[in-house]
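Data first, discussion second: the structure below is written as C-alpha cells.
In our numbering, the protein residues as written are 78 to 222.
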C-alpha cells in the first residue's frame, strides 16, 4: 500500500467520528496498536527532542531498503499520533518518506485540534522521521555509489 493510500484510509476512519472527543478516544485506541517497544531502545539517542511528553523513535533498515519504525510514548494521545505516523511511513523507502506530503494531518483536523505543545511535538516527530530517512538515503547512496 502506498503512503497516500494509507493516508486516505486514515482520513476515512476519522470521518466516522463527528466530534474531537471521539477522535481523541480513537487516538488512544490506536496507541494500543503499537507493538511493544524494547526497553533497551529507551535511550537518550531515541528520545525525540521538542516533545512535551517522552517519545522514543527507533528506525532500522530492512534488507529491501525500507525503513521500519518502532516507537513508544509515556502519553496515550502522543502515542496514538506516533502510531499514525508509523502506520503511514514505516515500511517505505527513504526516498518515499522524504517525498511524502503528509496531508492526512490537516485533513483529519489533527493539527488544529492539538494544543500548541502537542502540535510542536507532532512537528518534532515528523522532523525526526525525515532525519532518519535522510540518513538512511545517504547511507544507501554511499553504498550504491
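Where a beta carbon is used, it is the ideal one built from N, C-alpha and C, also for glycine. These numbers were taken from a predicted model, which means no experiment stands behind them.
query                                                                                                         : result
Residue span of the beta strand (DSSP E) that contains residue 99, given as start and end                     : Run containing residue 99: none in the beta strand (DSSP E); it sits in the alpha helix (DSSP H), 97 to 108.
Through-space distance from residue 145 to residue 139, alpha-carbon basis                                    : 7 Å
Inter-stretch contact (C-beta, 8 Å, three-pair minimum) for the segment 151 to 163 and the segment 124 to 131 : yes
Three-state class that DSSP yields for residue 148 in the structure shown                                     : strand
Spatial distance of residue 216 from residue 137 (CA atoms)                                                   : 12 Å
Residue 98 to residue 105 span [Cα, whole Å]                                                                  : 11 Å
Whether residue 211 touches residue 175 by CB criterion (8 Å)                                                 : yes
Contact under 8 Å by Cβ, residue 125 with residue 202                                                         : yes
Contiguous alpha helix (DSSP H) assignments of at least 4 residues, all confined to the segment 178 to 216    : 181 to 184
Identity of the residues DSSP links to residue 132 by a beta bridge                                           : 150
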